[in-house]
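Residue numbers for the sequence shown follow the numbering used here, beginning at 159 and rising by one. By construction, the Cβ of each residue, glycine as well, lies at the ideal position given by its N, Cα and C atoms.
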Amino acid sequence: MKKTIVLVILVVQFAIGGLAQHSVRWNDSLRRPAFKFQRFTDQKWDTTSLAKPGDLKWFQDARFGMFVHLGLSSLKGVELGWGRQTHKFPDIGIGTVPDSVYDNLYKDFKLENFNPSAFVKIAKDAGVKYIVIITKHHDGFHMWNTSCSDYNIIRTPFGKDYLKEFADAVHNAGLKLGFYYSQRDWYHPDYEPIDRATQKTLGTNRETDMLSVPLDQKVNVTEKEKRYIHYMYDCVTELLTQYGKVDVLWFDAAWWGGMFTEEMWDAEGLYNLARHLQPGIIINNRASIPGDFDTPEQYVGDFQNSRPWESCMTLTPPSWGWKPNQKVSSAKDCIYSLASTAGGDGNLLMNVGPRSDGSIEPEQVKVLEEIGEWLRKNGTSIYETRGGIYLPTKNLTSTYRGAKLFLHLLDIKGEKLVLQAIKSRTIIKAYFLINGDAVECKKVGDSYEFKLPKELPDQLDTVLVVEFDKILDGIKPIAPLL
Ligand code: GLC
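Listed below in structure tokens is the structure:
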């Protein structure tokens with residue numbers, strides 16, 4: 159029975175591209191599923207490679223970024239990386255496109271409508287403050303002019319350094335730049351992160367056995383794998399020396415209940431190298447060491463103000479790469495996710511999967527424009543805010559800056575909103591952000607009662623601003639209802 163449950167979790171996990179994890183302390187008291195939460199000892203937290211807290215300020219202030227999953231798979235309309243038939247151990251499943259076909263797709267990769275400045279303008283107009291670009295996905299194809307491998311963008315009919323053009327456009331637009339680099343590489347002959355002996359101890363039922371690998375298990379790194387680590391070091395060095403300032407490095411081989419471990423990537427060394435090459439860079443938690451921020455995937459993370467986090471979600475769930483006839487999320491859904499992540503004190507990294515010509519489908523552009531339009535009017539309730547003071551619920555989430563609280567009325571029904579009062583503060587005034595209309599509020603016992611109009615003024619997400627007598631920093635988050 160237990161095995162069946164685990165298997166179901168894994169199937170669901172992989173079907174949606176994987177759930178990802180939080181880095182937590184060993185003594186974390188909450189009962190959490192092992193595949194989502196990697197536990198580290200206090201000693202590890204004290205000695206691991208971390209960014210300086212100040213280096214994460216821009217990131218938390220930004221709140222909204224764009225992920226761009228563009229790669230060879232778009233020629234076949236299958237998932238990026240995963241669409242290739244062979245997924246090397248310990249990854250499971252097989253893709254629908256035979257390796258001999260997938261690995262030759264580069265010959266047709268033209269990116270004939272890739273216009274980096276127009277692309278970045280779409281992102282900027284949508285209100286994002288940073289862009290994270292796929293430089294190499296699990297399929298091993300390099301989207302930059304690299305001397306680490308022949309399998310790269312220069313050999314395509316496009317023939318130019320996609321990454322350079324893109325990175326320059328991001329810099330020119332004044333946005334922050336992030337590089338996604340997957341340590342998994344199903345194309346590279348030396349990629350074999352788990353040695354045969356360890357594979358054996360995992361048994362034949364690798365999907366289920368994976369979760370029973372002891373938390374502190376060390377894997378033996380073979381000579382082959384050492385060569386692979388060198389190659390990875392070379393790639394990361396190129397990425398962090400040839401494209402100007404890089405603000406975020408986004409790895410993608412999380413721990414998954416023992417599936418990947420830090421020895422596989424010499425993770426501490428890799429992080430130190432990155433910090434040396436790009437002082438101030440921030441790095442995510444997908445290399446089996448704590449990293450600088452957590453990365454819940456395809457869902458809005460829980461409230462967490464003790465450490466930065468970023469939910470990555472796609473505009474066309476559950477796809478990362480372009481596929482035909484995908485359902486595009488509505489602007490309302492995306493704004494709901496954005497307000498909910500900000501309310502939980504996290505970021506939203508919204509993914510687009512452009513077509514193989516390098517352009518984003520018009521239907522998706524339209525949604526991005528709508529998000530941008532909402533943010534131009536309501537951005538002050540998102541950017542440079544912190545999550546809280548009220549803990550997020552399904553219908554209501556809140557952010558604050560200084561003495562202003564922004565209540566996002568995501569799905570509030572009725573004309574009366576009752577919230578638990580904040581004991582140490584007094585309300586000065588309350589009004590809708592979108593039109594400045596005053597909202598009546600009275601304190602009844604330990605509660606606030608807001609009188610709302612029959613119809614809220616913003617169909618996408620009405621923000622109610624509540625101004626207090628004193629700044630809100632330092633108040634412990636509270637539940638909205640008594
Ligand atoms: C997962 C998927 C990968 C995707 C990434 C984005 O790790 O395997 O395809 O690029 O999530 O977060």
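Item                                                                                                                                                                                : Value
I'd like to know whether the C-beta atoms of Glu573 and Leu610 end up nearer to each other than 7 Å.                                                                                : yes
For Trp413, is the beta carbon positioned less than 6 Å from some heavy atom of the ligand GLC?                                                                                     : no
May I have a chain-ordered list of the beta strand (DSSP E) segments no shorter than 3 residues that lie completely inside the segment 301 to 340?                                  : 334 to 339
Which residue from Asn442, Ile447, Leu435 puts its Cα closest to that of Glu421?                                                                                                    : Ile447
Quick one: what's got a C-beta closer than 8 Å to Glu426's C-beta in the same chain, skipping five residues either side?                                                            : Thr206, Ser207, Glu420, Ile447
According to DSSP, is Gln462 part of a helix, a strand, or is it coil?                                                                                                              : coil
Kindly list the residues whose CB is nearer than 8 Å to the CB of Leu568, restricted to its own chain and excluding five residues on each side of it in sequence; keep chain order. : Tyr494, Ala497, Ser498, Lys552, Asn553, Leu554, Thr555, Asp619
Ignore the nearest five residues each way along the sequence and tell me which others in Ala579's own chain have a CB closer than 7 Å to its CB.                                    : Lys601, Asp604, Ser605, Tyr606
At which residue ranges does the segment 569 to 639 contain complete beta strand (DSSP E) runs of 3 or more residues, listed in the order of the chain?                             : 574 to 578, 585 to 590, 599 to 602, 605 to 609, 620 to 626
Please report the Cβ distance between Leu428 and Val394, rounded to the nearest whole angstrom; I am assuming they are in contact, meaning their Cβ atoms lie under 8 Å.            : 6 Å
If distances are taken between C-alpha atoms only, which option among Gln436, Phe247, Ile540 comes closest to Pro347?                                                               : Phe247
Excluding the 5 residues preceding and the 5 following Asn593 in the sequence, name in chain order all residues of the same chain whose CB lies nearer than 6 Å to its CB.          : Pro615
Between Trp216, Ala276, Leu630, Arg221, which lies nearest to Gly502 when the distance is taken from Cα to Cα?                                                                      : Arg221
Check whether the Cβ atoms of Val278 and Ala327 lie closer than 7 Å to each other.                                                                                                  : yes
Since I believe Lys581 is in contact with Glu625 (beta carbons under 8 Å), could you give me their beta-carbon distance rounded to a whole number of angstroms?                     : Actually they do not touch by this definition, with Cβ atoms about 17 Å apart.
May I ask which residues mark the beginning and end of the alpha helix (DSSP H) holding Trp532?                                                                                     : 520 to 536
Closer than 7 Å by C-beta to Val458: which residues in its own chain qualify, once you throw out the five before and the five after it? Chain order, please.                        : Ser469, Ser495, Ser498, Thr499, Gly502
Suppose you measure from the CA of Asp343 to the CA of Ser307; what does that come to, to the nearest Å?                                                                            : 12 Å
In the DSSP assignment, what are the bridge partners of Ser181?                                                                                                                     : Gln196
Given Gly196, which residues of its chain have a CB within under 6 Å of its CB, disregarding the five upstream and five downstream residues?                                        : According to the sequence shown, residue 196 is Gln rather than Gly. Gln179, Ser181, Trp413, listed in sequence order.
My output table needs one value for Lys562: the three-state DSSP class, helix, strand or coil.                                                                                      : strand
Out of Ile250, Pro512, His300, Arg534, state which residue places its alpha-carbon closest to the alpha-carbon of Asp319.                                                           : His300
Below 6 Å, is the gap between the Cβ of Cys393 and the nearest heavy atom of the ligand GLC?                                                                                        : no
Between Ala411 and chain B, is any beta-carbon pair separated by less than 7 Å?                                                                                                     : No chain B is present in this structure, which holds just one protein chain.
With 16 as the cutoff for other CB atoms within 10 Å, does Ser232 come out buried or exposed?                                                                                       : buried
In the DSSP output, which residue or residues are listed as bridge partners for Gly223?                                                                                             : Tyr288, Leu507
If I follow the unbroken alpha helix (DSSP H) through Met390, where does it start and stop?                                                                                         : 381 to 399
For Ala596 and Lys587, what's the separation of their Cα atoms in angstroms?                                                                                                        : 8 Å
In three-state DSSP terms, what is Thr366?                                                                                                                                          : Note on Thr366: pLDDT 48, under 50, position unreliable in the model; the coordinate value appears next. Note: Thr366 maps to helix in three-state DSSP.
Let me check you understand the geometry: is the CB of Trp478 closer than 6 Å to at least one non-hydrogen atom of the ligand GLC?                                                  : yes
Less than 7 Å separating the beta-carbons of Arg444 and Phe409?                                                                                                                     : yes
Please say whether Thr293 and Leu321 have beta carbons closer to each other than 7 Å?                                                                                               : yes
Would Glu237 pass as a contact of Asp515 if the rule is Cβ separation under 7 Å?                                                                                                    : no
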